[in-house]
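So for the sequence shown, UniProt numbering puts the first residue at 1; every next one is plus one. Beta carbons are placed, not taken as given, at the ideal position from N, Cα and C, and that holds for glycine. Below: one structure, written as C-alpha cells.
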Amino acid sequence: MASRAPTGNPRTTTASGVRRNLFSASLSRRPTTSSTSTSATTLHANEDETARDLIERDESGAVQFTQLNIAPLPADEEKDEREAENKLIETYRKHQQHIDPAEVMATLKASLQAKVASLDEDKWMFEEEDPVPK
Numbered sequence: 001m002a003s004r005a006p007t008g009n010p011r012t013t014t015a016s017g018v019r020r021n022l023f024s025a026s027l028s029r030r031p032t033t034s035s036t037s038t039s040a041t042t043l044h045a046n047e048d049e050t051a052r053d054l055i056e057r058d059e060s061g062a063v064q065f066t067q068l069n070i071a072p073l074p075a076d077e078e079k080d081e082r083e084a085e086n087k088l089i090e091t092y093r094k095h096q097q098h099i100d101p102a103e104v105m106a107t108l109k110a111s112l113q114a115k116v117a118s119l120d121e122d123k124w125m126f127e128e129e130d131p132v133p134k
C-alpha cells in the first residue's frame, strides 16, 4: 500500500487553474525586531481591567493570597440539632394543630433514617478504589 501513487492534484487550485491560499486570513506580517535590542517591556493593566480581575493583587501587581474567614463550628452540635427539631415541631404545631408532637418526631426520625440509608448506599462513590493488582 505504501507504493500506491497519490490520487488527484496535491496542490489546491480552482477550476481556472489559479492556486488559492487556504490560510490567507491567518497570515500577517509582523515587524522585525533587532536581535541586539535588550530593552524589556513591562505591561501594566488598566484600572478597569484590575477591577474585573478575579485574582487579588497588591499595588505592584503581584498576586495576593488572603485567608478566608470561616465561622467556627458550634461547640455543642447535639444542642443545635435538638433546637432545630424543636423549631420544626413548633412550626408544624402552629400550622396544623391536630398533629401530635410525638407523631411529628417519629416522622422526622424516619425521614432522617431514610436520608442516612441513602448516604450509606452512595458511600461507594467517595471511598478509595482498590489498587489494581500487578
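So, are the CB atoms of residue i and residue j less than 7 angstroms apart?
i	j	result
residue 56	residue 67	no
Q.
Please give the ranges of any beta strand (DSSP E) in the segment 87 to 128, keeping only runs that are unbroken, at least 3 residues long and fully inside the region.
A. none
(Q) Contact between the segment 78 to 95 and the segment 105 to 114 is defined here as three or more beta-carbon pairs at a separation below 8 angstroms; is this criterion met? (A) yes
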